[in-house]
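Undergrad: When the letters of the sequence shown are read in order and numbered with our numbering, they come out as residues 70 to 207.
One structure follows; several queries about it will come next.
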Amino acid sequence: MAIRPFVHGQVAHQAFGGFTETGADVFALTVEDVELTRYQAGPGLEVLLPPRAMGSARVSGDLSVRYAASWGDTDYRVDAAMLGARVGGQLSELDDPVTLAGGLSAAWGAVESSVRGFYAEAGDQDSAGLSLDVRVTF
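Quick look at the structure:
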């Protein structure tokens, strides 16, 4: 087993072109032009489990926990007109999240499969994800 501290950083820039949805009558969605830049950086700790043989497969895993200080643009406003009334909404990023992530992978010759997941929490907001990957090398 290996334990590795790390620092991480991310810069994300997004540009959305505005539009007004057509064919939706009173449920038409209107989105304004917007450009956002978001920054994150912080420390983390990763635990790597050594690969081990399980039958004909080689299995390995990892687990990490990290903190990310966040700054820059935070919200993306979405304005919609529903039933003739304007309704404002926004999509937000998690501010200063703590993230727990991990995964397992197994390899059988030219075939490798992995499952990875994460859970992030910041204040009263949270986020989670799960992915499955199958790879064939030839």
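Ideal Cβ placement from N, Cα and C applies to all residues, glycine included.
Model, not experiment: these values are computed from the prediction.
#1: Counting only the same chain and skipping the five closest in sequence on each side, list residues whose C-beta sits under 6 angstroms from that of S174.
#2: Could you work out which residue in Q83, D131, R185 is closest to E162 when comparing CA atoms only?
#3: Give the C-beta separation of F168 and R127 to the nearest angstrom, bearing in mind that I take them to be a contact with Cβ-Cβ under 8 angstroms.
#4: I'd like to confirm the pairing. Which residues does DSSP put opposite S183 in its beta bridges?
#5: Determine contact between the region 71-80 and the region 99-114, defined as no fewer than three beta-carbon pairs at a distance below 8 angstroms.
#6: At the level of alpha carbons, what is the spacing between Y123 and A71?
#7: For L201, which residues of its own chain have a beta-carbon under 7 angstroms away from its beta-carbon, when the five flanking residues on both sides are left out?
#8: What are the boundary residues of the beta strand (DSSP E) that P112 is part of?
#9: Please say whether D165 and S139 have beta carbons closer to each other than 8 angstroms?
#10: Can you have a look at A93 and say buried or exposed, based on whether 16 or more other CB atoms are within 10 angstroms of its CB?
#11: Run the CB neighbour count on A179, radius 10 Å, all protein chains shown included, and call it buried at 16 or more, exposed below.
#12: Buried or exposed: A197, going by 16 or more other Cβ atoms within 10 Å of its Cβ?
#13: Please list, in chain order, all residues of the same chain as G87 whose beta carbon is under 6 angstroms from its beta carbon, the five residues on each side excluded.
TA: Put simply:
#1: Here S174 has S129, S183 as same chain residues with Cβ atoms under 6 angstroms from its own Cβ, once five neighbours each way along the sequence are excluded.
#2: Checking every option, the nearest Cα to that of E162 belongs to Q83.
#3: The amino acid at residue 168 is misidentified as Phe; the sequence shows Thr. At roughly 27 angstroms, the Cβ-Cβ gap does not stay under 8 angstroms, so T168 and R127 are not in contact.
#4: S183 is bridged to S174, D202.
#5: By the Cβ rule, the region 71-80 counts as touching the region 99-114, because three or more pairs are nearer than 8 angstroms.
#6: Looking at the sequence itself, residue 123 is Met, so the reference to Tyr does not match. Roughly 20 angstroms separates the two Cα atoms.
#7: V184, listed in sequence order.
#8: For P112, the enclosing beta strand (DSSP E) stretches over residues 103-123.
#9: For the 8 angstroms CB-CB criterion, S139 and D165 form a contact.
#10: A93 should be labelled exposed.
#11: Exposed, by the Cβ-count rule.
#12: Using a 10 angstroms sphere on the CB of A197, the tally of other CB atoms stays under 16, which defines it as exposed.
#13: Closer than 6 angstroms at Cβ, skipping near neighbours: V100, E101, D102.
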